[in-house]
Amino acid sequence: MKALRYVSTRGHAPATGLSEAIAAGLAPDGGLYVPERLPAIDPAAFDPHGDLAATAARLLAPFFADDPLAGVLPAICAEAFTLEAPLRPLARPDALLLELFHGPTAAFKDFGARFLAACLRRLRGPNAPPLTILVATSGDTGAAVGAAFHGQANVRVAILYPDGRVSPRQAHQLGSFGGNVQALRVAGSFDDCQRMVKAALNDAALQREVPLSSANSISLGRLLPQMSYYAHAALGWWRTHGAPLDFIIPTGNLGNALACLWARAMGLPIGEVRLACNANATLPEFFAGGDYRPRGAVATIANAMDVGAPSNFERLRWTWHGDDDALRRALRAEGFDDATLRATLLRHAREHGEVVCPHTAAALAVLGREPVREGRAWAIAATAHPAKFETVLEPLLGRSVPVPTALGAMLDRPAQAMPMPAEKDSLAQWLRTSGRPGAHAGA
Numbered sequence: 001m002k003a004l005r006y007v008s009t010r011g012h013a014p015a016t017g018l019s020e021a022i023a024a025g026l027a028p029d030g031g032l033y034v035p036e037r038l039p040a041i042d043p044a045a046f047d048p049h050g051d052l053a054a055t056a057a058r059l060l061a062p063f064f065a066d067d068p069l070a071g072v073l074p075a076i077c078a079e080a081f082t083l084e085a086p087l088r089p090l091a092r093p094d095a096l097l098l099e100l101f102h103g104p105t106a107a108f109k110d111f112g113a114r115f116l117a118a119c120l121r122r123l124r125g126p127n128a129p130p131l132t133i134l135v136a137t138s139g140d141t142g143a144a145v146g147a148a149f150h151g152q153a154n155v156r157v158a159i160l161y162p163d164g165r166v167s168p169r170q171a172h173q174l175g176s177f178g179g180n181v182q183a184l185r186v187a188g189s190f191d192d193c194q195r196m197v198k199a200a201l202n203d204a205a206l207q208r209e210v211p212l213s214s215a216n217s218i219s220l221g222r223l224l225p226q227m228s229y230y231a232h233a234a235l236g237w238w239r240t241h242g243a244p245l246d247f248i249i250p251t252g253n254l255g256n257a258l259a260c261l262w263a264r265a266m267g268l269p270i271g272e273v274r275l276a277c278n279a280n281a282t283l284p285e286f287f288a289g290g291d292y293r294p295r296g297a298v299a300t301i302a303n304a305m306d307v308g309a310p311s312n313f314e315r316l317r318w319t320w321h322g323d324d325d326a327l328r329r330a331l332r333a334e335g336f337d338d339a340t341l342r343a344t345l346l347r348h349a350r351e352h353g354e355v356v357c358p359h360t361a362a363a364l365a366v367l368g369r370e371p372v373r374e375g376r377a378w379a380i381a382a383t384a385h386p387a388k389f390e391t392v393l394e395p396l397l398g399r400s401v402p403v404p405t406a407l408g409a410m411l412d413r414p415a416q417a418m419p420m421p422a423e424k425d426s427l428a429q430w431l432r433t434s435g436r437p438g439a440h441a442g443a
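With the numbering used here applied, the sequence shown covers 1 to 443.
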């Protein structure tokens, strides 16, 4: 296979290899790395008896061709994709739930974070110089990254989250690691956290003092592996039913949805894709015909989607060659306020016994506007376990939501987070003065 090169969405950075793009996180011109082209792949090329790790290794092989990681890609996938991603039927006859929350932090982010950690561990080696991984989180990303990198030698993880805008259990997860993982509770929104991370990554002087990388979905090492569970589910459905599988995906920063769209563009049997949003209207307004207008995030009960300036919109536009009209024809995005999300949660729990998280409820609300169809099926991406949102669900349902074992273990640990103003200089100062990575390695 011919090696792919990776370029910036902004077009002002030199092309590079995949390993370099993964290690850097963000391109030097502030853009996001994308492959120069999306490779094509024949669905028949996948082993019909292969597990998720095998599907991932085959799907990602063209992206890794001739890269230093190419020879160990199967081992990386075997390490990262030990998690289940079952596709189970819902009460509605043409709908299924793709459960992506069976990892250690009970959210879909575990897949990509584990893959990225496995890549960086091999790229850097046991005697690599210290590195700080920055991650902005609106709820789930930070815990997944913390779990994936916890105890890794010569690596420090700094998790920035908006204080008071994640669920109590999410906040506890973020601060429960200790050792080489530090939670920073920022007095602002997720967009503030994201701006602070991007500013640090673009600060050449800071990077010389404190080498940095990112573990948000701006990182290709997080984004590319997320294609795998969509490919695996769609292939299984296609082999059994001879039809593509359609998806409804809750989205905030657009990384998870973009992964599905890239898998479809490569030739996987994926049909229609709908984007489900909360009251943050940036994407619904754009897909309804308005200008792309980033704005401050609005706090909702589906907090992981509280994003007003989705980073991966740059990659989405690149995928459609900058043709906004074609992009609008290809996709739809629908947004729902908290009252609608609560009504959806309550209705599905009472009528069908289906208890989901508030983000998955947004996807179910989109499903409710679609007619029942013969011969096609919608797969709802269930992005997080409902037990992470007990302060929303338990008063609504009038009962407790069982806690998965791995989540319970995190909640049993003590947690702490350091307060930080929503200013880029505050993060830079902390990075320079809080000690170097490796001081707590293995903790």
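Built from N, CA and C at the ideal position, the CB exists for glycine as well.
Note that this is a predicted model, so its numbers are computed, not measured.
- Query: What do you get for GLY322, buried or exposed, if any count of 16 or more other CB atoms within 10 angstroms of its CB means buried?
  - Reply: On the sequence shown, position 322 is the one that residue 322 refers to. Answer is exposed; the Cβ neighbour count stays below 16.
- Applying the criterion that 16 or more other CB atoms from any shown protein chain within 10 Å of the CB defines a buried residue, is SER176 buried or exposed? One-based indexing of the sequence shown puts residue 176 at position 176. SER176 should be labelled buried.
- Output the boundary residues of the beta strand (DSSP E) element that contains GLY335. Position 335 of the sequence shown holds residue 335. Residues 332-335.
- Quick one: grab the DSSP three-state call for ALA443. Here residue 443 refers to the residue found at position 443 when the sequence shown is read from its first residue. With a pLDDT of only 31 at ALA443, under the threshold of 50, the placement of this residue in the model should not be trusted; the figure read from the coordinates follows. Coil, per DSSP.
- Query: Taking the C-alpha atoms as reference points, what is the distance between ALA117 and LEU59?
  - Reply: Taking the sequence shown and counting its residues from 1, one reaches residue 117 at position 117. Taking the sequence shown and counting its residues from 1, one reaches residue 59 at position 59. Linking ALA117 to LEU59 through their CA atoms gives a straight-line distance of about 19 Å.
- Backbone secondary structure at GLY438 - three-state DSSP: Locating residue 438 in the sequence shown gives position 438, counting from the first residue. Any reading at GLY438 needs caution, since the residue's pLDDT is 46, under 50, leaving its predicted position unreliable; the model's value is listed next. Of the three classes helix, strand and coil, the one that applies to GLY438 here is coil, per DSSP.
- Task: Compute the distance between the beta-carbons of PRO358 and THR282, then report whether it is under 9 Å.
- Result: Start at 1 with the first residue of the sequence shown, and residue 358 comes out as number 358. Start at 1 with the first residue of the sequence shown, and residue 282 comes out as number 282. In this structure, THR282 does not lie closer than 9 Å to PRO358 by Cβ.
- Query: LEU18 and ASP51 look like a contact to me (Cβ under 8 Å); what is the Cβ gap, rounded to whole Å?
  - Reply: Along the sequence shown, one-based indexing puts residue 18 at 18. Along the sequence shown, one-based indexing puts residue 51 at 51. Not really, about 24 Å apart at Cβ, beyond 8 Å.
- Item | Three-state secondary structure assigned by DSSP to THR251 | The count along the sequence shown starts at 1 and reaches residue 251 at position 251. In this structure, THR251 counts as coil in the three-state DSSP scheme.
- Query: Do you know how far the Cα of PHE101 is from the Cα of HIS352?
  - Reply: To locate residue 352, count along the sequence shown from 1; it is residue 352. To locate residue 101, count along the sequence shown from 1; it is residue 101. HIS352 and PHE101: Cα-Cα distance of roughly 20 Å.
- Message: One question on the structure: do GLY25 and SER311 come within less than 9 Å of each other, judged by their Cβ atoms?
- Response: Counting from 1 along the sequence shown, the entry for residue 25 is found at position 25. Counting from 1 along the sequence shown, the entry for residue 311 is found at position 311. No. Outside cutoff.
- Message: Assuming ALA252 and ASP306 are in contact, meaning their beta carbons sit under 8 Å apart, how far apart are those beta carbons, in whole angstroms?
- Response: Position 252 of the sequence shown, counting from 1, holds the residue named residue 252. Position 306 of the sequence shown, counting from 1, holds the residue named residue 306. Here residue 252 is Gly; the residue named in the question, Ala, does not match the sequence. 7 Å between Cβ atoms; contact.
- Element boundaries [alpha helix (DSSP H), containing MET227]: Along the sequence shown, read from residue 1 onward, the residue named residue 227 stands at position 227. Start and end: 227-241.
- Message: Quick check on the DSSP output: the alpha helix (DSSP H) that includes SER8 runs from which residue to which?
- Response: Walking along the sequence shown from the start, residue 8 turns up at place 8. Where SER8 is concerned, there is no enclosing alpha helix (DSSP H), although the beta strand (DSSP E) it sits in stretches over 6-8.
- Message: If distances are taken between C-alpha atoms only, which option among GLY289, ASP203, GLY335 and VAL356 comes closest to VAL366?
- Response: Position 366 of the sequence shown holds residue 366. Out of GLY289, ASP203, GLY335 and VAL356, GLY335 has the C-alpha closest to the C-alpha of VAL366.
- Query: Going by the C-beta, is PRO414 closer than 8 Å to any heavy atom of the ligand MN?
  - Reply: Annotation note on the ligand MN: not contained in the displayed structure, which lists no ligands.
- ALA243 vs ALA304 beta-carbon contact at 9 Å: Residue numbering aside, residue 243 sits at position 243 when the sequence shown is read from its first letter. Residue numbering aside, residue 304 sits at position 304 when the sequence shown is read from its first letter. Not in contact: ALA243 and ALA304 (Cβ atoms no closer than 9 Å).
- From ALA204 to THR405, what does the alpha carbon distance come to, in whole angstroms? Taking the sequence shown and counting its residues from 1, the one referred to as residue 204 is at position 204. Taking the sequence shown and counting its residues from 1, the one referred to as residue 405 is at position 405. Each residue's Cα considered, the two are about 43 Å apart.
- Item | Element boundaries [beta strand (DSSP E), containing LEU18] | In the sequence shown, the residue the question calls residue 18 occupies position 18. Unbroken run through LEU18 is the alpha helix (DSSP H), 18-24; no beta strand (DSSP E).
- Residue environment, MET418, which counts as buried when at least 16 other CB atoms sit within 10 Å: As a working note, residue 418 is residue 418 in the sequence shown. Exposed: under 16 other Cβ atoms inside 10 Å.
- Query: Count the other CB atoms within 10 Å of the CB of ARG156; is the residue buried (16 or more) or exposed (fewer)?
  - Reply: If you number the sequence shown from 1, residue 156 lands on position 156. With 16 or more other Cβ atoms within 10 Å, it is buried.
- Residues near ILE270 by beta carbon distance below 7 Å, same chain, minus five either side: Reading the sequence shown from its first residue, position 270 is the one you call residue 270. Answer for ILE270: TYR230, ALA234, PRO244, LEU245, PHE247, CYS260, ALA263 and ARG264, listed in chain order.
- With a cut-off of 8 Å, do at least 3 Cβ pairs link the stretch 125-144 to the stretch 182-198? yes
- Message: Using the three-state DSSP reduction, which class does GLY178 fall into: helix, strand or coil?
- Response: Translated into positions along the sequence shown, residue 178 becomes position 178. Residue state, collapsed to three classes: strand.
- Have a look at CYS277 and ALA333 and give me their C-alpha separation to the nearest angstrom. Numbered from its first residue, the sequence shown carries residue 277 at position 277. Numbered from its first residue, the sequence shown carries residue 333 at position 333. For CYS277 and ALA333, the distance between alpha carbons rounds to 7 Å.
- Please classify PRO284: does DSSP put it in a helix, a strand, or coil? If you number the sequence shown from 1, residue 284 lands on position 284. If DSSP states are grouped into helix, strand and coil, PRO284 belongs with the helices.
- Query: Do you know how far the Cα of ARG114 is from the Cα of ALA441?
  - Reply: For the purposes of this step, residue 441 is taken as the residue at position 441 of the sequence shown. For the purposes of this step, residue 114 is taken as the residue at position 114 of the sequence shown. Low local confidence applies: a pLDDT of 37 at ALA441 is under 50, so the model's placement there is unreliable, and no value is given.
- For VAL145 and chain B, any beta-carbon pair shorter than 9 Å? Absent here is chain B; the protein component of the structure consists of one chain.
- In whole angstroms, what separates the C-alpha of ALA439 from that of GLY290? Within the sequence shown, residue 439 is the residue found at index 439, counting from 1. Within the sequence shown, residue 290 is the residue found at index 290, counting from 1. For ALA439, the predicted model reports a pLDDT of 40, less than 50, meaning its position is unreliable; a value from the coordinates is still stated below. Distance between the alpha carbons of ALA439 and GLY290: 50 Å.
- Query: Once you ignore the five residues that flank LEU397 on each side, which residues in its own chain have a CB closer than 6 Å to its CB?
  - Reply: As a working mapping, residue 397 is identified with position 397 in the sequence shown. Only ALA349 meet the Cβ criterion.
- Could you name the residues that DSSP lists as bridge partners for THR378? Working through the sequence shown from its first residue, we reach residue 378 at position 378. Looking at the sequence shown, residue 378 is not Thr but Trp. Paired residue(s): ALA95 and ASP246.
- Item | Assigned exposure category for LYS2 - 16 Cβ within 10 Å defines buried | Mapped onto the sequence shown, residue 2 falls at position 2. When all chains shown are included, LYS2 counts as exposed.
- Message: Do PRO14 and PRO28 count as a contact pair if the criterion is CB distance below 9 Å?
- Response: What you label residue 28 is simply residue 28 of the sequence shown in a count that begins at 1. What you label residue 14 is simply residue 14 of the sequence shown in a count that begins at 1. Yes. Within cutoff.
- Inspect the CB distances between the stretch 368-384 and the stretch 141-149 and report whether three or more fall short of 8 Å. Short answer: they don't touch.
- Out of curiosity, what's the CA-to-CA distance linking GLU209 and GLY221? Here residue 209 corresponds to residue number 209 of the sequence shown, with the count starting at 1. Here residue 221 corresponds to residue number 221 of the sequence shown, with the count starting at 1. Computed Cα separation, rounded: 24 Å.
- Out of curiosity, what's the CA-to-CA distance linking VAL392 and LEU331? For the purposes of this step, residue 392 is taken as residue 392 along the sequence shown, with counting starting at 1. For the purposes of this step, residue 331 is taken as residue 331 along the sequence shown, with counting starting at 1. If you take the alpha carbons of VAL392 and LEU331, they lie about 30 Å apart.
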